[in-house]
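Visitor: So the protein sequences, as listed, match chains E and L.
So for the first sequence, my numbering puts the first residue at 2; every next one is plus one.
So for the second sequence, my numbering puts the first residue at 27; every next one is plus one.
Quick reminder that beta carbons are idealized off the backbone N, C-alpha and C, glycines included.
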Amino acid sequence: MADTGVVETLLRLIEKVDDGVDSLEVAASLGVDHQVIVGAVKSLQALGDIISAELRSSKHWELTEEGTEIAEQGSHEARVFSSIPLEGLAQSELMKLSFGKIGFSKAMSNKWIRVDKSHEGGPRIFKTVESIDDQVREKLLLVKKANTAQLEEKEKNELKKRKLLSEVTVKSYWISKGISFSTTITKQETELTPEMVANGSWKEKKFKPYNFEAMGVAPDCGHLHPLMKVRTQFRQIFLEMGFTEMPTNNFIESSFWNFDSLFQPQQHPARDQHDTFFLSDPALAHEFPQDYLERVKKVHSEGGFGSQGYKYDWKIEEAQKNILRTHTTAVSARMLYKLAQQKFTPVKYFSIDRVFRNETLDATHLAEFHQIEGVVADYGLTLGDLMGILHQFFTKLGITKLRFKPAYNPYTEPSMEVFSYHEGLKKWVEVGNSGVFRPEMLLPMGLPEDVSVIAWGLSLERPTMIKYGINNIRELVGHKVNLQMVYDSPICRLDPNTA
Amino acid sequence: MPTVGVKRDLLFKALGRTYTDEEFDELCFEFGLELDEITSEKEIISREQGDSKASGASDTILYKIDVPANRYDLLCLEGLVRGLQVFKNTLEAPRYRRVSPSSGEPQKLVITKETAAVRPHAVAAVLRNITFTQERYDSFIELQEKLHQNICRLRSLVAIGTHDLDTISGPFTYTAKPPGDISFKPLNQTKEYTATQLMSLYKTDSHLRHYLHIIEDKPVYPVIYDSNGIVLSMPPIINGDHSKITLKTKNVFIECTATDVTKAKIVLDMMVTMFSEYCSQPFTVEEAEVVYPDGKTYKYPELAYRKEKLSSEFINRKVGINESTEKIAQLLTRMCLLSQATGVGDEIEVEIPPTRSDIIHACDIMEDAAMAYGFNNIPRTTPRTYTVANQQFVPSLFLGHSCPLRQIVAHLSSLTTLCHHQVARTTLLPGLLKTIAANRKMPLPLKLFEISDVVLKDETKDVGARNSRRFCAVYYNKSPGFEVIHGLLDRTMQLLEVKSVRGDGYHIQAADDSTFFPGRCAEIFVRGKSVGRLGVLHPDVINRFELTMPCSALEMDIEPFL
């Protein structure tokens, strides 16, 4: 609350006038700083409509420090003139004066003084006129008395150039009576206190209104990373659809489970060091189900189970090589093998976890990402079933318009890329990959011949980047993650009503 | 996925009709191709080398088409057009025939035993009375390149050499010699080089240097001579200049040398099926004989047609449709798999042509039927699979700290590129500290946590390593805030129902650890077992991560709670 004295004086001033008063004039008449009046206006405004204050701004000219000096003591050239006696003054003496240098050249160009260079004892300066008219000082005095109107723009600008004048913008309030004008003000309470509640004094009090425009205080809370939020949603969708989560806590996998068991031939480019991270320690896996391994070897090198095979020299040394898994399908392979060792019951599995690829890093690719994968194994599943289940899955994500493109994948046949129609881009965009696992993968595991396994996969990062409008994956994943983005990102809902 | 570039107008001319870009895109989609880009030579050069270089280039429209990695028969204009025309029912798939030469004496390629040490296999064939135009010639060269890039695994499995048969005379000898003993004028060079000189010459060749490693370290290099000692090629690196193909070439001798004979046969079949179209007797290929060191003789190309029998019920059941046997036979025929109902029940006999090496199982035939039917015409059904869902335990700790989620392998790169660290992380703390360093502009305090897996060596696992789930948290502020991190541990334990007692519960006790400030580190014990540490970080650690404030941290194993 501003000084109550000033507030009351201000209110009485306003009461007397018909229209209003200017805050600058009030400050001048009361002999206080303008800011004090501004403070009083602000505190009156906070009380409601006692006064109305309209912000005005005006420009006016002010003397600079140098200008003030000149207005008081005369221009430098005038001072030079008046400091020269009749018998003249040595130039060296003149230059010792504070105004000497500037005043000398101006006085010379005004032809008020002359220099006798041949004078004995050095150059000497003499007056050339008897009296002078110090116009600069007079002009500045006009400004000082606020009679700037009498000066021409040109003159003002010249003085501004000489840094004697400056133009300043002054903000002031035009203050007039408000709707509920009154010269007496009651002190308002800021908050309800325990005492007021206890003794009922709140009934008599007036309370200061809240500023509902202001933000509240941020709660001290944690924030989950957007990828985790989106992952939770995908888990939820799978669980709703009756899928069981696979244990995916094995980043290090043997080539056998990652490739060979999936009927991916050993010369396949994905098994190249350009695409996959190989481990140097532990470099090799040392334990495999032997009879299964023999069946895998046979189906690759000779065929069988109705297949021609790839007809190449399959090597255990390749299968042993440890890698960072390139897909979670390696986990699915282990799970399906495990399933085949028991009496078959239909299953629906899912996983969401990290996979690693030796990619060229750019704004949308990192050496690792999260793969979302769904797998269904049952008797007599059809390609139509795969499309149907994909339709249900994507409907839960808010994506209803799907179509399928034939594709190639070494371990699924048929293979289908899933496209959805993007309303914004007005085109079909790829949203995932899917297929029916090949018999060459399933039969060596020991699964019954009439069991089909359908599967699909997509990345977690891409839907997250789209959902949260992130363009650079490095901002999302890795230590360069933008914490402000983590703090600000909203909850994730993927259901159709909010997508 | 290989990408094939074809001139649009040439393609439409061959297809016998024009399409709008959208129509052609749609056709590709149905057929499992992808119209990846519509561009021109000019556009490509201007994008890669700048506008100034592109001024003279052609602005003929090019279609860049993505082809599935196992469809080698679609890697050139000729194959694409044939595949699409058969698919659209405007052409019957041609029959490819191997014929004996009119002279009666086939060309012979004799393999000597020395090749066993480096590249033991070879196959060969002759295209007789072929007519090249500039476009056909370009496509012929381009197909070799595409095959080399894909099925040939950058020439390591198979390398193709094509020669003007009228400049050389058989029988040909495929042998291997020490590099110093091989000397010839290689393609597009003006003088002779020894193989040793060639290897150093091509070290700087942007194209050929990628293939040198295949034979570089071998004591002998593969080489093919004609009966007069003229070098045809030094596979898999370069052909001789003497026998090079020109637009005027009428008779082409094709040899493929290989470490994988199955792939060599496929590659040879692809070359001859695609380009025998331009022979005076279209789709006929003159046989060549290959004699192995053990005296066994083989006739190539194989051009084998294989017959498979399957039931229409199988296809209907796997795809989820209900079509007649005749209709399914028609569908398959449209995929270049000539098929007919045998009349025995619902049996269909399917003939797999030499161009379809990708068909290795009945499921491949089933997929082709589904493609011809149209994936998007198949009714979408819901499987009746009944299951009960289960989930892995995800600890939902949400304790006022923020989770930045970081990479497992920050600087991991391949063995072949210039690599620095090759470690999967074994601790979470450095990553969180790096995250703070990258977010120094954020207001204090910074409170971060991460629950994630690290990788540890473990001999008891089949792969020799296992994941271990960790919980890590840091508090970064003007004061170290040990009490904050300690409180976080207490709260975590409370949520996990572990009481603060020695023995059965958890407790912490002073420990020495160079990561932490002396006297400000404690070890965490849960049920008597050490699970991790917490404390105030050592200033040297703080400095090394380019941080300036005190920091306390906690890292512990949470496997016991999963």
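1. Checking contacts by CB at 9 Å: is phenylalanine 50/L closer than that to chain E?
2. Give the secondary structure of glutamine 309/E by DSSP, where H, G and I count as helix, E and B as strand, and everything else as coil.
3. Could you have a look at tyrosine 211/E and say whether DSSP puts it in helix, strand or coil?
4. Find the residues of chain E that neighbour lysine 460/L, judging by a C-beta separation of less than 7 Å, and give them in chain order.
5. With H, G and I counted as helix, E and B as strand and the rest as coil, what does DSSP make of tryptophan 203/E?
6. Measure from the alpha carbon of leucine 387/E to the alpha carbon of each residue in Pro415/E, Ala408/E, Lys146/E and Val356/E, then state which is nearest.
7. For leucine 273/L, which of helix, strand or coil comes out of DSSP?
8. With leucine 191/L and asparagine 277/L assumed to form a contact (beta carbons below 8 Å), what rounded beta-carbon distance in angstroms separates them?
9. So what does lysine 547/L bridge to, in DSSP terms?
10. Note down the Cα distance separating serine 526/L from valine 562/L, rounded to an integer number of angstroms.
11. DSSP three-state call for leucine 455/L: helix, strand or coil?
12. Mind checking if glutamate 441/E is an interface residue toward chain B, Cβ cutoff 9 Å exclusive?
13. Listed from N- to C-terminal order along the chain, which residues in the stretch 416 to 448 of chain E have their beta-carbon within a distance smaller than 7 Å of any beta-carbon of chain L?
14. Please decide whether valine 30/L counts as near chain E, where near means a Cβ-Cβ distance under 9 Å.
15. Can you say whether threonine 461/L is buried or exposed, counting buried as having 16 or more other CB atoms within 10 angstroms of its CB?
16. Of all the alpha helix (DSSP H) runs that stay within the bounds of the stretch 265 to 331 of chain L, which reach a length of 4 or more residues?
17. Since proline 405/L meets chain E, which of its residues come closer than 7 Å, beta carbon to beta carbon?
18. Label phenylalanine 222/E either buried or exposed according to how many other C-beta atoms from any shown protein chain fall within 10 Å of its C-beta, with 16 as the threshold for buried.
19. How about glutamate 393/L: is its C-beta nearer than 9 Å to some C-beta of chain E?
20. Which bits of chain L does methionine 388/E rub up against, with CB to CB less than 7 Å?
21. Under the assumption that asparagine 259/E contacts threonine 327/E (Cβ atoms under 8 Å), give the Cβ distance between them as a whole number of angstroms.
22. Is it buried or exposed for methionine 216/E, if we count other Cβ within 10 angstroms and need 16 for buried?
23. Counting only beta-carbon separations shorter than 9 Å, does valine 377/E have a partner in chain L?
24. Do threonine 518/L and valine 480/L come within 9 Å of each other at the CB atom, strictly closer than that value?
25. Could you round the C-beta distance between leucine 590/L and isoleucine 263/L to whole angstroms and report it? I think they count as a contact, below 8 Å.
26. Is isoleucine 434/L helix, strand or coil by DSSP?
27. Provide the residue span of the beta strand (DSSP E) that contains cysteine 389/L, from first to last.
28. Can you name the residues of chain E whose CB is closer than 8 Å to the CB of arginine 495/L?
29. At a CB-CB cut-off below 8 Å, which residues of chain L make contact with histidine 392/E?
30. Three-state secondary structure (DSSP) at asparagine 403/L?
31. Could you check which residue in Lys145/E, Glu319/E, Val300/E and Lys172/E has the C-alpha nearest to that of glycine 1/E?
32. Closer than 7 Å, Cβ to Cβ, to anything on chain L: give me those residues from the stretch 341 to 357 of chain E, in chain order.
33. If I'm right that isoleucine 460/E touches glutamine 372/E with Cβ under 8 Å, what's the distance once you round it to whole angstroms?
34. Can you name the start and end residues of the alpha helix (DSSP H) that asparagine 158/E belongs to?
35. Among Gly425/E, Ile353/E, Lys162/E and Leu143/E, whose alpha-carbon lies nearest the alpha-carbon of valine 376/E?
36. Determine whether the Cβ of arginine 570/L lies closer than 9 Å to any Cβ atom of chain E.
Guide: On the basis of the supplied data:
1. With respect to chain E, the C-beta atom of phenylalanine 50/L has no partner C-beta closer than 9 Å.
2. coil
3. coil
4. Taking a Cβ-Cβ cut-off of 7 Å, the neighbours of lysine 460/L in chain E comprise His480, given in sequence order.
5. helix
6. Pro415/E
7. Three-state DSSP puts leucine 273/L in coil, outside helix and strand.
8. The C-beta distance from leucine 191/L to asparagine 277/L rounds to 4 Å, short enough to meet the 8 Å contact threshold.
9. Note that residue 547/L is cysteine in the sequence shown here, rather than lysine. Note: cysteine 547/L sits in a beta bridge opposite Gly561/L.
10. 21 Å
11. If DSSP states are grouped into helix, strand and coil, leucine 455/L belongs with the helices.
12. Here chain B cannot be found, since the structure's protein chains are E and L.
13. Met417, Arg439, Pro440 and Glu441
14. Closer than 9 Å: no.
15. buried
16. Qualifying alpha helix (DSSP H) stretches, in chain order: 287 to 301.
17. Chain order gives the chain E residues near proline 405/L as Gly385, where near means a beta carbon separation below 7 Å.
18. Looking at the sequence shown, residue 222/E is not phenylalanine but cysteine. By the neighbour-count rule (16 or more Cβ atoms within 10 Å), cysteine 222/E is not buried but exposed.
19. So, interface residue.
20. Ile404 and Arg406
21. 6 Å
22. exposed
23. yes
24. no
25. With chain L covering 27 to 588 only, the question about residue 590/L has no answer from this structure.
26. Here isoleucine 434/L scores only 44 on pLDDT, less than 50, and its place in the model should not be relied on; the value that follows carries that caveat. In this structure, isoleucine 434/L counts as coil in the three-state DSSP scheme.
27. First-last for cysteine 389/L: 388 to 399, but that is the alpha helix (DSSP H), not the beta strand (DSSP E).
28. Asn250
29. Correct list: Arg406.
30. helix
31. Any answer about residue 1/E is impossible in this case: the structure gives chain E only from 2 up to 500.
32. Pro347, Val348, Lys349, Arg355 and Phe357
33. In the sequence on display, residue 460/E carries serine and not isoleucine. With a Cβ gap of about 6 Å, serine 460/E and glutamine 372/E count as contacting.
34. 154 to 162
35. Ile353/E
36. no
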